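A quick write-up on the structure given underneath.
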Amino acid sequence: MSTDRPTGPADDETAGHRAEGGQDEVRVGRFSRRARRRDREEQKKSSLLRELPVLLVVAFVLALLVKTFLVQAFFIPSGSMEQTLHGCTGCTGDRVLVTKPPYWFGDPEPGDVVVFQGPDTWTPEVEVAEPDNWFSEAALFLGRAIGVAPPSEDDYVKRVIATGGQTVQCCDAEGRVTVDGEPLDEPYIYQNTPIESRTFGPVTVPQGRLWVMGDHRSASADSRSHVGDQYAGTIGVDDVIGKASVIVWPFSRFTFLDSPDIQPQQAEGAGVAGLQADVVAAAPLLIGLAGAGAVSARRRRR
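Going by full-length UniProt numbering, 52 is the number at position 52 of the sequence shown; the sequence numbering is gapless.
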């Protein structure tokens with residue numbers, strides 16, 4: 001006896017309802033997945049908006065710590081250090097990294113290019129409009145931290161010529177600056193002043209202070225221009241912000257700034273000391289590159 005029975009319109013209708021029900025379930029499932037996806041995206045956006053103020057505060061604190069203790073970027077706004085550092089009218093001003101660790105355990109040496117806060121008696125080389133509200137002040141602070149904003153009016157960049165206890169003057173028979181009676185070796189000088197107008201000194205640099213000059217001798221208002229003030233034209237070691245170590249922008253001029261042995265009588269042993277100083281100066285940059293590499297590798301793994 002066969003159990004098969006003929007199908008009729010009722011069976012077809014039931015199958016149709018089941019098919020439509022299955023399609024409805026598929027549509028509901030797709031809608032549900034889209035809804036969950038939208039919910040997750042909205043949650044992410046909401047979470048980001050909630051975390052944004054915290055992230056900004058953290059970024060500000062990190063920038064402050066790095067700027068205070070390790071490295072700071074500076075914009076060169078004047079031509080007083082041409083051709084070592086570009087800042088001339090009409091050219092792209094260099095951005096340099098100023099490192100602070102080199103002077104944690106020692107003072108600046110002759111030949112170093114340093115950024116410092118000038119004494120009150122120094123006339124600013126550039127005029128900077130200071131902000132008039134807290135938001136503009138914070139933006140200027142961050143801009144100066146990364147080297148995209150002009151420095152403060154009392155920030156200067158010059159080269160150390162003589163240190164505490166040394167006597168500096170100009171000139172010898174060949175028109176060279178001398179320290180303790182010995183002529184300096186200065187291959188970086190650009191457009192020196194006429195020999196008849198470059199004389200100064202002798203000036204004995206007080207302990208804890210520095211005699212500084214710009215590489216562009218005919219366009220630098222440096223220690224020579226302030227011999228008559230209470231500091232005899234010198235600047236305090238404690239006023240040095242850091243050592244100008246690297247030109248980072250424009251990228252075509254990327255280079256490490258060296259510290260030549262400008263005082264031949266003190267050159268003995270300077271090679272090892274200079275190497276140690278360069279390693280210490282480059283340490284923040286190397287640490288930053290290593291950190292960036294670690295973050296990049298972690299993101300690739302994820």
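Ideal Cβ placement from N, Cα and C applies to all residues, glycine included.
Everything numeric in this text was worked out from a predicted model, so none of it was measured.
Can the beta-carbon of residue i be found less than 9 Å from the beta-carbon of residue j?
i           : j      : result
Gly242      : Pro102 : yes
Ser78       : Val126 : yes
Ala73       : Val113 : no
Tyr231      : Pro202 : no
Asp155      : Gln117 : yes
Ser80       : Gly90  : no
Ile262      : Gly111 : yes
residue 303 : Val168 : Any answer about residue 303 is impossible in this case: the structure gives the chain only from 1 up to 302.
Thr204      : Gly233 : no
Asp238      : Gly208 : yes
Ala219      : Leu85  : no
residue 303 : Asp185 : The first residue shown for the chain is 1 and the last is 302, placing residue 303 beyond what the model contains.
Phe200      : Val227 : yes
Ile76       : Val96  : yes
Trp104      : Ala221 : no
Glu182      : Pro119 : no
Met213      : Val246 : no
I'd like the span of the beta strand (DSSP E) that includes residue i, first residue to last.
i      : result
Leu257 : Where Leu257 is concerned, there is no enclosing beta strand (DSSP E), given that its DSSP letter is neither H nor E.
Ser245 : 240-249
Phe116 : 113-117
Gln72  : 71-75
Pro202 : 200-204
Cys170 : 167-170
Arg95  : 95-99
List the whole-angstrom C-beta distance separating residue i from residue j, where the pair is believed to meet the contact cut-off of C-beta under 8 Å.
i      : j      : result
Ser223 : Trp211 : 5 Å
Val160 : Glu82  : Not really, about 18 Å apart at Cβ, beyond 8 Å.
Phe254 : Val248 : 6 Å
Ile189 : Gly175 : Wrong, their Cβ atoms sit about 10 Å apart, outside the cutoff.
Lys100 : Leu52  : Contact flag wrong, Cβ pair sits at about 30 Å.
Are the C-beta atoms of residue i and some chain E residue less than 9 Å apart?
i      : result
Ser220 : Considering every chain present, this structure includes no chain E. It has just one protein chain.
Can you tell me whether residue i is helix, strand or coil according to DSSP?
i           : result
Ile161      : strand
Ile195      : helix
residue 319 : With the chain covering 1 to 302 only, the question about residue 319 has no answer from this structure.
Tyr188      : coil
Val54       : helix
Pro183      : strand
Trp122      : coil
Val237      : helix
Arg176      : coil
Tyr156      : strand
When you measure from the CB of residue i to every non-hydrogen atom of the ligand MG, does any distance come out below 8 Å?
i      : result
Val126 : The ligand MG is not part of this structure, which contains no ligands at all.
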